[in-house]
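Take a look at the structure set out below.
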Amino acid sequence: MIKIKQDDYAYAVGLIRAKEIKLLDGDRLNRMIEAQGAAEAFKVLAEAEYGYGNTENFHSFEQVLAEEMKKTYDLLAEISPVPEVVDAFKKKHDYFNIKVLLKAEFSGQEPPQILVDTGVFGVEQIKRIIRERDYSELTPIMMQAIADTYDAFSRMRDPQAVDLIIDKASYDQFVNDLNEFDSPFLHELARIIIDITNINMYIRARSLNKSWDFIGKLLLKGGEISEEFYFAGFDKPVEAFVDDLRRTKYGDTVKRGWELYTAKKNISGLEKLLDDFLMSYIRRSKLITMGVEPFIAYLFAKETEIRNVRIIMTGKINGLNDDLIRERLRLGYV
Amino acid sequence: MARLNVNPTRMVLTGLKKRLKTARRGHKLLKDKRDELMKKFLDIVRENKRLREEVERKVSIVHSRFVMARALMNAEVLEEALMSPKVEVNLKASTKNIMSVDVPVLEYTTEGGGEGDIYPYGFANTTGELDEAIATLSELVPELLKLAEMEKSAQLLADEIEKTRRRVNALEYVLIPNLEETIKYIVMKLDENERSNLTRLMKVKDMVLKETHEFHY
């Protein structure tokens, strides 16, 4: 158990609170949506000091967003009194890189230029690790996942198996890491993330008529809702499963999401509501003056903000109408 | 019409008459071929138009869904999700004969991806909008291939129709009139020879008769 002392976070939280003011609030996002064209919307980002100042051309907005994410992680890593906390959140990017490298290896491609540099390991480092099979620096869960992936792929030749194994390991790692810290906030956070991911995947898989065999491989461990619960729901129609969820804290959210799904035949409404559920949990840390909560909340605030910016920019570049953009925007932190 | 440069003899005349007959028969056959090709072509074009509209409609749906998926996911995550495909498509191209035109036939079989199992990615970090984009796209592939097949067929048939039409016209407006004219010319020439021959004979006869008469006196 890694101790987390609230007082250690005094400086970090002070700095975060100052940074929070610069987050894009509803007004500024609105300005982006109502802007005439993508270039105009992109200016808002320049004003918000996004990325590393490379805000000339709106077509490179993906790069700016990636830079902004990197900037956020760098900031948090710099001011974090307990570096493991940030690492716990960075590891999912390592898993992503591992996934890309393994897939490239299996399909005989060169590793594409999509590796992200927000992981614990640098891009070149992780490339070397996978190429040379030198796993000594990896965590046990990573090592196991890589071994399992080689095994599964050599038997089934299925690229989806790579994703399933590595994704699952990534979340296992996340839950394990967060449970290491002496912080009920982080424990609860892990559970909520697992549950909303599971609920979303379950309903998605059910609507694609997947077998239990497949769903079993999808479901992640470490949530409040057990695998048995999903299994029990498998024999019933999805409505009944949604109904069974009403006794959990996700009941209302999922119910509304399911109504949206049946009305529009589109799962994005549910995805948004589940993301918003997570954000409303994160938002509670606004009231906490000192501790790991506001620190982590800033990371989520930034992630969600970047997602929203991506939705708006993609929408603007492709000329989607404002309502389509608005209905997909996630609840922000501020 | 230009007359052919031939000697006006009986033998050439017989030859030309034979050629004219063949040309007329060929003309009729080619005309029939052209009409039939036209019929087939129109059928294909009509079907092609319908299919193209359908495909274009679906492509725009796929596009808008991809835009949505793109909006909700990192560029990198999307790229990774679609890095290696789950379904392998085997395309076999052969040809089919329509009125002696070899049009392509595309047969396609898929390997893997049974029971709608076409998604090559995990669900944890991808959005459901991507599923819809992939599903629509996968429905679209057979139609897209069919469309490719039809458009190529239509193009090949159009070429063939044009070629045939040129031949028909060449026969109808050049070769046949030329032959007819040449035949007419030879016939006239031969008749003319005949007549001059006759006149000459009559003259000779007259002269011979006159000589005999004078001898008597």
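Order-wise, the sequence lines are chains A and B.
Residue numbering for the first sequence follows our numbering, beginning at 62 and increasing consecutively.
Residue numbering for the second sequence follows our numbering, beginning at 12 and increasing consecutively.
Think of the CB as a built atom: it goes at the ideal place given N, C-alpha and C, for glycine as much as any other residue.
Looking at the structure shown, is residue i part of a helix, part of a strand, or coil, going by DSSP?
i	result
residue 285 of chain A	coil
residue 65 of chain A	coil
residue 16 of chain B	coil
residue 113 of chain B	strand
residue 242 of chain A	strand
residue 180 of chain A	coil
residue 229 of chain B	Since the displayed chain B opens at 12 and closes at 228, residue 229 of chain B lies outside it and no answer follows.
residue 297 of chain A	coil
residue 142 of chain A	coil
residue 271 of chain A	coil
residue 138 of chain B	coil
residue 200 of chain A	coil
residue 190 of chain B	helix
residue 130 of chain B	coil
residue 125 of chain A	helix
residue 36 of chain B	helix
residue 395 of chain A	coil
residue 45 of chain B	helix
residue 123 of chain B	coil
residue 30 of chain B	helix
residue 389 of chain A	helix
residue 218 of chain A	coil
residue 280 of chain A	coil
When you compare only the Cα positions, how much space is there between residue i and residue j?
i	j	result
residue 274 of chain A	residue 106 of chain A	45 angstroms
residue 31 of chain B	residue 158 of chain B	44 angstroms
residue 115 of chain B	residue 375 of chain A	40 angstroms
residue 131 of chain B	residue 76 of chain B	17 angstroms
residue 104 of chain A	residue 373 of chain A	13 angstroms
residue 201 of chain B	residue 107 of chain B	53 angstroms
residue 40 of chain B	residue 23 of chain B	26 angstroms
residue 132 of chain A	residue 151 of chain A	13 angstroms
residue 225 of chain B	residue 219 of chain B	10 angstroms
residue 236 of chain A	residue 303 of chain A	25 angstroms
residue 54 of chain B	residue 70 of chain B	24 angstroms
residue 165 of chain B	residue 181 of chain B	24 angstroms
residue 118 of chain B	residue 149 of chain B	16 angstroms
residue 326 of chain A	residue 76 of chain A	44 angstroms
residue 36 of chain B	residue 56 of chain B	30 angstroms
residue 161 of chain B	residue 59 of chain B	6 angstroms
residue 278 of chain A	residue 250 of chain A	22 angstroms
residue 315 of chain A	residue 267 of chain A	14 angstroms
residue 96 of chain A	residue 119 of chain A	13 angstroms
residue 366 of chain A	residue 128 of chain A	14 angstroms
residue 380 of chain A	residue 79 of chain B	12 angstroms
residue 259 of chain A	residue 135 of chain B	8 angstroms
residue 137 of chain A	residue 344 of chain A	18 angstroms
residue 194 of chain B	residue 183 of chain B	16 angstroms
residue 289 of chain A	residue 295 of chain A	10 angstroms
residue 66 of chain B	residue 143 of chain B	16 angstroms
residue 238 of chain A	residue 230 of chain A	12 angstroms
residue 135 of chain A	residue 181 of chain A	11 angstroms
residue 342 of chain A	residue 71 of chain A	22 angstroms
residue 194 of chain A	residue 214 of chain A	16 angstroms
residue 338 of chain A	residue 332 of chain A	10 angstroms
residue 207 of chain B	residue 214 of chain B	10 angstroms
residue 312 of chain A	residue 335 of chain A	11 angstroms
residue 222 of chain A	residue 346 of chain A	37 angstroms
residue 148 of chain A	residue 232 of chain A	14 angstroms
Mind checking who residue i pairs with in its DSSP beta bridge?
i	result
residue 103 of chain B	B/118
residue 208 of chain B	Per DSSP, none; premise fails for residue 208 of chain B.
residue 108 of chain B	B/113
Can residue i be considered in contact with the ligand GDP, in the sense that its beta carbon sits closer than 7 angstroms to one or more heavy atoms?
i	result
residue 292 of chain A	In the structure shown, the ligand GDP is absent, as is every other ligand, since no ligand is present at all.
Take every Cβ of the stretch 153-162 of chain A, pair it with every Cβ of the stretch 173-190 of chain A, and state whether three or more of those distances are shorter than 8 angstroms.
-> yes
Ranges of the alpha helix (DSSP H) found wholly within the stretch 308-384 of chain A, counting only runs of at least 4 | 312-325, 329-344 and 353-378
Counting pairs of Cβ atoms below 8 angstroms between the stretch 379-387 of chain A and the stretch 137-154 of chain B, do you hit three or more?
-> no
Complete alpha helix (DSSP H) runs within the stretch 150-196 of chain A (minimum length 4 residues, chain order) | 184-193
At what residue ranges does the stretch 66-118 of chain A contain a whole run of the alpha helix (DSSP H), taking only runs of 4 or more?
-> 71-81, 87-95 and 98-108
Inspect the CB distances between the stretch 252-262 of chain A and the stretch 280-290 of chain A and report whether three or more fall short of 8 angstroms.
-> yes
Alpha helix (DSSP H) runs wholly inside the stretch 65-99 of chain B, at least 4 long, in chain order = 86-92
Counting Cβ pairs, one atom from each stretch, are 3 or more of them under 8 angstroms apart for the stretch 168-175 of chain A and the stretch 197-207 of chain A?
-> no
Below 8 angstroms, can you find three or more Cβ-Cβ pairs linking the stretch 291-306 of chain A to the stretch 350-364 of chain A?
-> no
Would you call the stretch 95-110 of chain B and the stretch 198-215 of chain B in contact, with 3 or more CB pairs under 8 angstroms?
-> no
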